[in-house]
DNA sequence: TATAGGGGTGCAATCGATTGCATACAAGGA
DNA sequence: TCCTTGTATGCAATCGATTGCACCCCTATA
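Protein chains in written order, with our numbering: chain G, 1 to 340; chain Z, 341 to 680.
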């Protein structure tokens, strides 16, 4: 491990050349400037002395921290760890490190965190917290900060993003329910200020039309957070209204779990009394009672793609083609849906 | 946000003093060296210009990166996110940042990661991956690297650690089962190379004695990883052996989930045919079928305590009293245990 | 009034790397 | 043989902060 703080100068002394020569020999980009023989000697000495470049010195000089900020709502939401692993793996392969921060869905906190990240001189940011209209991000974007959104998008697509095919996923879900004979399908939608909540809800309306099913606005409930509590409350309210419906689409898996709770509270059971479909296929959701039918997203891949997109923005500048990468979803049928 | 790269010199120019004076005025430790009047002017100028100290320059000069490495087996294991939040919150309050890495329980990978972390000049390390006997850590320890273990410990207690009262938790669990009338209790133990696996298993033996129950070695199975698959395999083997038992202690919640699977495979059900107790009370485990009776640990607190311990080691040097902090556990009774 | 003491600032070196420019040396052409 | 061309290396400035030391000036004391 050699904690010994060996510097370029030490290596240079050891080989008998100037530090700058060592620097050049060790950098693949400039290695050709140096005699093959010396380069070899330098490499060997660096190796044997256990030389490790000082990242601070490097960063100070080059103005690149090789660090990326990753901002998410909450790490304890099982949706995010796989995304983060995707991000970290790709970043790591390119010598970058991720620094993670949680906003707990608090805008003020988010502003502070963004500020702190930028003060830390991160080379770019990956955000999973974007709202559909996010002036704060627009500001950063305007400053030319490399920025990539993951899982969510902004309405004007002004920022590069890697998202799921939310609409496609919802169409699969509605088609599945329709195929089981459900005609009155409720939507316990997610927050409409977030692209995921909005797009999925719109897709619900579309898909109902496609399947030739009637949309009853009284079967549409909006959660103001992606949480079990919100799902439970909205579903409870809906049940209390005694509307007639046999299936429900939940804004995501947590909301679906809230629906489970509400059903249990009401003495009903899933899928006998109500079929429920979630979204995300978060880890362990297949172990719940009943195992949730849900739309699987590629957690790891959207993270990995986001990291790749960010790296390309860091390398090629923020001017490069603003693009949205959309990954396909897949319907995973489990025990929470049944024929009507 | 002011991305403008304002430096100390800029502030100095603006106020009309020397950069070193600005440095002193802005540092609370040295602020008294400066006239109150100038200090005020400097603060104001720094504020209005949007000055943000360059952390690389600071680190390069002071040799402190204000960065801490956190090494865990796998972020997607729900046990860790709450621990990490505890770590990050405490570190953040003290101006430190956590850098997280996953080993996937691969020793070689762990060695590489440790090496890379150290090359990154982290000021200290928090590890959740320690084995009972870990020569690698001993090396780091010997080099004087500030090091704190979280959740796990090493046998010789040579490294500061923050762990749960594993033994206490197991005693609660066994007493609970005994209270329900169970006399033949199996132990699907975790890896014995880890302190958690070892201590819990030893505690199982102790507790059985305390409760006056006979220990049947044929009811003891060892998993070589804390995973659903291992739990499933060991429980399947145990069931296949047709031994007589009415309850099982699982090494942790994941192993317990594996036991669920094995039971289902065998056409048996929990808790009717077998009571199961887990360990950790990981997030969402209360939503499983059946909700798992388990030992709750203070995820967030052990993380927070570990961070505090590390900070104190960083500040006061690694020589300070080597201590083990042990946090109490609590038994959470749910639906996976029933009277015999 | 001279001098010691001390508080407030400025100066300059330093942390460890990168990099434009200068230089030295070798080879090749006239 | 001399000059050009080019290549390999050294020199020194630089990134932005911190900090020991020197200095100056003001006040208190003899």
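Where a beta carbon is used, it is the ideal one built from N, C-alpha and C, also for glycine.
The C-beta distance from residue 634 of chain Z to residue 619 of chain Z rounds to 6 Å, short enough to fall under 8 Å. For the C-beta of residue 439 of chain Z, the chain G residues within less than 7 Å are, from N- to C-terminus, 97, 99. Spatial neighbours of residue 480 of chain Z in its own chain (CB-CB distance under 8 Å, excluding positions within 5 residues in sequence) are listed in chain order as 454, 458, 465, 487.
In terms of CA proximity to residue 669 of chain Z, Z:509 leads the group Z:509, Z:451, Z:452, Z:549.
Within chain G, the residues placing a beta-carbon under 7 Å from that of residue 424 of chain Z are 75, ordered along the chain. When DSSP reads this structure, residue 330 of chain G sits in a beta bridge with G:296.
Residue 425 of chain Z has its alpha-carbon roughly 35 Å from the corresponding atom of residue 385 of chain Z. At a beta-carbon threshold of 9 Å, the residues of chain Z lying near residue 65 of chain G are 395, 396, ordered along the chain. Judged by DSSP in its simplified three-state form, residue 532 of chain Z adopts coil rather than helix or strand. Residues 22, 42, 45, 46, 49, 51 of the same chain have their beta carbon placed closer than 7 Å to that of residue 11 of chain G, with the five preceding and five following residues left out of the count.
Taken residue by residue, none of the stretch 487 to 519 of chain Z has a beta-carbon sitting less than 7 Å from a beta-carbon on chain G. Residue 621 of chain Z is positioned such that its CB atom lies closer than 8 Å to that of residue 637 of chain Z.
Distance between residue 133 of chain G and residue 229 of chain G, taken at the CA atoms: about 25 Å.
Residue 288 of chain G sits buried, since 16 or more C-beta atoms from the chains shown fall within 10 Å of its C-beta. Counted as a single uninterrupted DSSP element, the alpha helix (DSSP H) harbouring residue 137 of chain G occupies residues 135 to 142. Contact of residue 399 of chain Z with chain G is assigned, a C-beta pair being separated by under 8 Å. Against chain G, the CB of residue 620 of chain Z has no partner CB under 8 Å away; the residue lies outside that interface. Looking at the backbone, the Cα of residue 485 of chain Z and that of residue 463 of chain Z are separated by about 8 Å. Where residue 519 of chain Z is concerned, the enclosing alpha helix (DSSP H) starts and stops at 506 to 519.
Counting other Cβ atoms within 10 Å of its Cβ, residue 549 of chain Z stays below 16 and is therefore classed as exposed. Excluding its 5 nearest sequence neighbours in each direction, residue 512 of chain Z has C-beta neighbours in its own chain below 8 Å: 635, 669, 670, 671, listed in chain order. Per the C-alpha coordinates, the member of G:7, G:338, G:259, G:166 positioned closest to residue 178 of chain G is G:338.
Residue ranges of uninterrupted beta strand (DSSP E) with 3 or more members, entirely inside the stretch 593 to 626 of chain Z and ordered along the chain, are 615 to 620. Residue burial annotation: residue 657 of chain Z is exposed, with fewer than 16 other C-beta atoms found within 10 angstroms of its C-beta. The continuous alpha helix (DSSP H) containing residue 21 of chain G extends over residues 19 to 26. In terms of beta-carbon proximity, residue 638 of chain Z stays away from the interface with chain G, with every pair separated by 8 Å or more.
For residue 562 of chain Z, the beta-bridge partners assigned by DSSP are Z:529. Between the stretch 553 to 573 of chain Z and the stretch 499 to 507 of chain Z there are fewer than three C-beta pairs closer than 8 Å, too few to call the two in contact. Membership of residue 466 of chain Z in the beta strand (DSSP E) is indicated by the continuous run 464 to 467. Put simply, the stretch 523 to 536 of chain Z touches the stretch 582 to 593 of chain Z. At least three CB pairs are less than 8 Å apart.
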